[in-house]
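Peer 1:
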Amino acid sequence: MTSLHKPARSAAEGPFYRAVRNELEVFRAAARRGLPILLKGPTGCGKTRFVEAMAYELGRNLITVAGHEDLTSADLVGRFLLKGGETTWVDGPLTRAVREGAICYLDEVVEARQDTTVVIHPLADHRRELPVDRLGISLKAAPGFQLVISYNPGYQSVLKNIKESTRQRFVAIELGFQPVDIETEVVAHEAGIDVEPARALVRVADAIRKLDAAPLQEVASTRLLIMAGGLVAEGLSLRDAVESAIVRALSDDPDTVRALGELVDSILPMP
Amino acid sequence: MTTHDAKSPTRFRFLAAHLAGRSLDVTEALPGEVAHTDGRVVFVSAGRSVSEQRREVLVQSALVGAGSLDHRLVKMVRGRPNVARRYLALEGHRVLAELAPRISLAAALCPAGEPITSTADESLRVARGPKDVAPPPEWFGVIRPSRLLGAPAGGAGAETTTRDLRLEFGTTDIPESRDDADAEQGTASRILKLFENPLSSKSLSDFLNRLFGNSRTPSDGMAGGEMPVRSMRRVDRVGPNARPLPTALRFTADRAPSFAVGVGGALHPEWDVHKNRYRPDWCRVIDFPLPSAHDVSAAGVRHDEVLRRRLARLGLGPKVFRRRPDGDDLDIEAVLDLSVDLRSGHSPPEHIYLERRKLARNLGVLILLDASGSATESDPDGLSVHDHQRRAAATLALTLEELGDRVAVYGFRSQGRSAVHLPCIKPFGHRFGAGSRARLNQLQPAGYTRLGAGIRGAGEILKTGAGTPNRLLVVLSDGLPYDYGYEARYAEADARKALEELRTDGIACLCLSIGASTPTDALQRVFGSASHATAPALADLSPRMDELFLAALRELAAPKPRGFRPTRPRVCSGLQR
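Protein sequences appear in the order of chains A and B. Under this note's numbering, the first sequence has 41 at position 41, and the numbering climbs by one with no breaks. Under this note's numbering, the second sequence has 1009 at position 9, and the numbering climbs by one with no breaks.
#1: Within its chain, find whatever has a CB closer than 8 angstroms to the CB of GLU1138 of chain B; leave out the 5 residues flanking it on each side and keep chain order.
#2: Quick one: list the residues of chain B neighbouring MET227 of chain A, beta-carbon separation under 7 angstroms, in chain order.
#3: Kindly confirm or deny that the region 1539 to 1552 of chain B and the region 1416 to 1434 of chain B touch, where touching means at least three C-beta pairs closer than 8 angstroms.
#4: Taking 6 angstroms as the limit between beta carbons, can you name the residues of its chain near VAL1526 of chain B, skipping five residues before and five after?
#5: Taking C-beta to C-beta, are ILE120 of chain A and MET54 of chain A nearer than 9 angstroms?
#6: Per DSSP, which one or two residues make a beta bridge with PHE1321 of chain B?
#7: In angstroms, rounded to a whole number, what distance separates the CA positions of ALA228 of chain A and ASP265 of chain A?
#8: Looking at LEU1443 of chain B and LEU1548 of chain B, is the spacing between their C-beta atoms short of 9 angstroms?
#9: Determine the DSSP secondary structure at SER1118 of chain B, reduced to helix, strand or coil.
#10: Listing by chain order, which chain B residues have their CB less than 7 angstroms from the CB of THR72 of chain A?
#11: So, using beta-carbon positions, are LEU309 of chain A and ARG28 of chain A closer together than 9 angstroms?
#12: Helix, strand or coil, according to DSSP, for GLY1265 of chain B in the structure here?
#13: Run down chain A in chain order and give the residues with a C-beta less than 8 angstroms from the C-beta of THR1010 of chain B.
#14: Reducing DSSP to helix, strand and coil, say where ARG145 of chain A ends up.
#15: Find the residues of chain A that neighbour VAL1335 of chain B, judging by a C-beta separation of less than 8 angstroms, and give them in chain order.
#16: For GLN1389 of chain B, tell me which candidate among B:HIS1268, B:SER1517 and B:LEU1290 has the shortest Cα-Cα distance.
#17: From VAL65 of chain A to ILE193 of chain A, what does the alpha carbon distance come to, in whole angstroms?
#18: Closer than 9 angstroms by beta-carbon distance: list the chain A residues that pair up with ILE1332 of chain B, in chain order.
#19: Leaving out five residues before and five after LEU71 of chain A in sequence, what residues of the same chain have Cβ atoms less than 8 angstroms from its Cβ?
#20: Look up ALA1408 of chain B in the DSSP assignment and give the residues it is bridged to.
#21: Along the region 13 to 41 of chain A, what residues have a CB closer than 7 angstroms to any CB found in chain B?
#22: From what residue to what residue does the beta strand (DSSP E) around SER1513 of chain B run?
#23: Taking Cβ positions, are VAL1475 of chain B and CYS1424 of chain B nearer each other than 9 angstroms?
#24: Can you check whether the C-beta of PRO143 of chain A is within less than 9 angstroms of a C-beta belonging to chain B?
#25: List, in order along the chain, the chain B residues whose C-beta lies closer than 9 angstroms to that of ARG49 of chain A?
#26: Between B:ARG1040, B:ARG1406, B:LEU1440 and B:LEU1090, which has its C-alpha nearest ALA1112 of chain B's C-alpha?
#27: For chain B, find out if any of its Cβ atoms is closer than 9 angstroms to the Cβ of ASP91 of chain A; answer yes or no.
#28: Show which residues of chain A have a CB atom less than 8 angstroms away from the CB atom of GLU1350 of chain B.
#29: Could you tell me whether any Cβ in chain A is nearer than 9 angstroms to the Cβ of SER1418 of chain B?
#30: Buried or exposed for LYS83 of chain A, going by 16 or more other Cβ atoms inside 10 Å?
#31: Would you verify that the beta carbon of SER1347 of chain B is, or is not, closer than 9 angstroms to some beta carbon of chain A?
#32: Write down the C-beta distance between VAL1285 of chain B and GLY1457 of chain B rounded to the nearest angstrom, noting that I regard them as a contact closer than 8 angstroms.
#33: PRO1101 of chain B by DSSP, collapsed to three states: which one?
#34: Quick one: is PHE145 of chain A buried, meaning 16 or more other Cβ sit within 10 Å of its Cβ, or exposed?
#35: Within 9 angstroms (strictly less), CB to CB, does GLU111 of chain A reach chain B?
#36: Is any beta-carbon of chain A found at less than 9 angstroms from that of ALA1100 of chain B?
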């Protein structure tokens, strides 16, 4: 649920991210000012990777918390635990980020209950402090602390939506699927395959994304393409890789799988 | 979603949609017909192999996507089969060659050689000219100008027209049937008219007016001028929000009061959209236990795991759990116990936290099942809408009961406004046992659908019987209200109004249309204000049933209209005072 990435500065290169628009500049500017950021975009379009790349570039720790519907404010802030007959306070991931001056990335924050998201309010405005009521203190955020939340408007429903008062504290960056050429490059790089099969994969994904009124809940994401590319790199044929990593991953309905298979078959190069 | 045969050409629908750039259906043509399209559906030749059908779909949908079958172009080849064939050969070749770089299937199938033409217009010009054109391969199919031009451009056209026609009947000009003559249109006025002398003063009729306390009949006599101003006063017009309360009916069964045998009833108002007012005490709604032979063999109810899991997630009130292994805060009492235990040499598990979770449900649900004759139309599997709805009701009731909610199941049907029946299948107090299940499964559709009255009646039962703070009415209906003098716009408006009333009273409503083929916009008109969903079977809705329930319950949080106070409009004339 929570992970701590120590940026490996010694490594030759950081996480690979290809910017499409001005998102790098916006993030850098917001980071200099310590402004919180809201990332929007469909599943698997590179939101997490973007944050990782930025944390690496800025040389800060990245603490990731995945949102789920039972996430309570204690899960974020911390709680008392019992250790050998005494209670000890254990910082939650958010408190740790506030103390260390790290980037705290709350992934899919909409999934969490709305009363939970309220604890980030004082951190996300000019106060930049985290009240910890169980300790009776208020922590001032260390320089370098930055809050990033992500949110997938695709799931949008009446129930899962960000509160207006939360939204309006954030600088919004919208990420989408990249243009064909850039996405091809990303898939080729990440999966370690040639440009040609990568281009075929992207073309398949593009066709699926543009399907009119398809009974699919989600379209093929860049992440799926990279997975398929990985299978290709391991020696599977392009068709088999697409079948397992994309077609069957997208739907359970045999009818839809068959129809997707026909579409994919006609687009992929003939064997 | 129904599973098609693996060989069925619907498997090409995504391919066709991709090539055409819009949604396109694929189906088999009649035996003996060659492949063609009408712009919305691609017909492939019947009984061919999959690969042959695939290339037929490829050409036809690529032609649609490239705009080669636009009305403008097709008109030029109408009635000239020879030109049409030459045009098809040229265009087919051209669009396949154009697709070849993107679609490898097109590249593999494209006829050899460069296409002669580069635009559709050029193809048409060459096709009409004298130049030799090789005939198209057989799998190109044909262009059918009559079908292409005959198909309406904007999708489901036929349905709209029939519905439009039906809507015209909904105007006020239609004389109401004998049964439904408006009781308020003062019957005495016709007699009054006999006393009226258009030349003299109206003292006599005024006197009689005083005597009978009747106001002017809106439809009789001439409007305005002739009548003194005071007789125009309409005191029975109360505020726009006022609605008549139902009048309870009392029955006496042999020597026992009605509630002892479970019969209840009331006269409910009905909303008249044309006059923009309520008709008080208009529908007699009666609920009674449904007698049936106990046949346990008919008591099978299908379980739905997904539905169960989804509905189990519905937590409506927060609850604090003590002595949990994990939680937000320490449970001081448990910590004390633990330290006592530790110091006295025990090592109990460290369950010392308080956890807050939304768990208290306190939900009462009434499932109202459409048992009218309109629900008898059946689908290809031989299951009628009624069967679908009955099964859905059984599964829902079973699941909710297992989850500890208070559930009741009622059917509803009507024969005119004086006989709206709510046969009780399972009242709130009873278990959903074999008897209730058998009753539900033996419920036979009959009669008509006076939806608004049914909803009001069920709401009344829910108010008095549920006994829980959260109340939900689930209406299972095909969304086609119809009864004597109850149709089209009038019926839709009344049903909508009934749902609004319930929500004002703090009862959530969820309308499910299962297995019915009612168009979505019709459902929108009937169920418009409430949460509603439609699906071929309950299982299609199960994965999001929790959201539907929550959305319905959440609507109650919306502020109520201000100044609302249900009052009984009293019919009295200003002349009486």
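For glycine and all other residues, C-beta sits at the position ideal for the given N, C-alpha and C. Because the structure is a prediction, the values reported are computed rather than measured.
Peer 2: Checking against the coordinates, here is how it stands:
#1: Closer than 8 angstroms at Cβ, skipping near neighbours: VAL1034.
#2: Listed along the chain, the chain B residues whose CB falls inside 7 angstroms of the CB of MET227 of chain A amount to none; the nearest CB is some 21 angstroms away.
#3: As far as the Cβ criterion goes, the region 1539 to 1552 of chain B does not touch the region 1416 to 1434 of chain B, which means the pair count is below three.
#4: Excluding sequence neighbours, VAL1526 of chain B sits near GLY1479, GLU1492 and ALA1495.
#5: Inclusion of ILE120 of chain A and MET54 of chain A in the CB contact set at 9 angstroms is not warranted, their separation being larger than that value.
#6: Answer by DSSP bridge pairing, in chain order: B:GLU1355.
#7: Going by the C-alpha atoms only, they are around 15 angstroms apart.
#8: Cβ distance not < 9 angstroms, so LEU1548 of chain B and LEU1443 of chain B don't count as in contact.
#9: Note: SER1118 of chain B maps to coil in three-state DSSP.
#10: Close to THR72 of chain A, with beta-carbon spacing below 7 angstroms, are these residues of chain B in chain order: ASP1328.
#11: What the structure shows of chain A is the stretch from 1 to 271, and residue 309 of chain A is not part of that stretch, so it cannot be assessed.
#12: Assigned with DSSP and collapsed to three states, GLY1265 of chain B falls in strand.
#13: Going along chain A in sequence order, the residues near THR1010 of chain B (Cβ under 8 angstroms) are ASP255 and ALA259.
#14: Note that residue 145 of chain A is Phe in the sequence shown, not Arg. Three-state result, PHE145 of chain A: coil.
#15: Neighbours of VAL1335 of chain B across chain A, judged by C-beta separation under 8 angstroms: LEU82 and THR87.
#16: Out of B:HIS1268, B:SER1517 and B:LEU1290, B:SER1517 has the C-alpha closest to the C-alpha of GLN1389 of chain B.
#17: Approximately 32 angstroms, taken between the alpha carbons.
#18: Near ILE1332 of chain B there are no residues of chain A at all, since even the closest Cβ is about 10 angstroms away, more than 9 angstroms.
#19: Counting only Cβ-Cβ distances below 8 angstroms, and skipping sequence neighbours, we find VAL65, GLU111, ALA112, ARG113 and THR116.
#20: The partner list for ALA1408 of chain B (beta bridge, DSSP) reads B:LEU1366.
#21: Against chain B - using a Cβ distance shorter than 7 angstroms - the region 13 to 41 of chain A contributes no residues.
#22: Note, SER1513 of chain B: beta strand (DSSP E), 1508 to 1514.
#23: The answer is no: Cβ separation not under 9 angstroms.
#24: No, PRO143 of chain A lies away from the interface with chain B (no Cβ there is under 9 angstroms from its Cβ).
#25: Taking a Cβ-Cβ cut-off of 9 angstroms, ARG49 of chain A has no neighbours in chain B, whose nearest Cβ is about 28 angstroms from it.
#26: Nearest C-alpha to ALA1112 of chain B: B:LEU1090.
#27: It does not; no Cβ of chain B falls within 9 angstroms.
#28: Using a Cβ-Cβ cut-off of 8 angstroms, GLU1350 of chain B is close to LEU82 of chain A, given in chain order.
#29: By this cut-off, SER1418 of chain B is not an interface position.
#30: Exposed, because fewer than 16 other Cβ atoms sit within 10 Å of the Cβ of LYS83 of chain A.
#31: Any Cβ of chain A closer than 9 angstroms to the Cβ of SER1347 of chain B would place that residue at the interface, and such an atom is absent.
#32: The C-beta distance from VAL1285 of chain B to GLY1457 of chain B rounds to 4 angstroms, short enough to fall under 8 angstroms.
#33: Three-state result, PRO1101 of chain B: coil.
#34: PHE145 of chain A comes out buried.
#35: It does not: the Cβ of GLU111 of chain A has no partner Cβ on chain B nearer than 9 angstroms.
#36: Closer than 9 angstroms: no.
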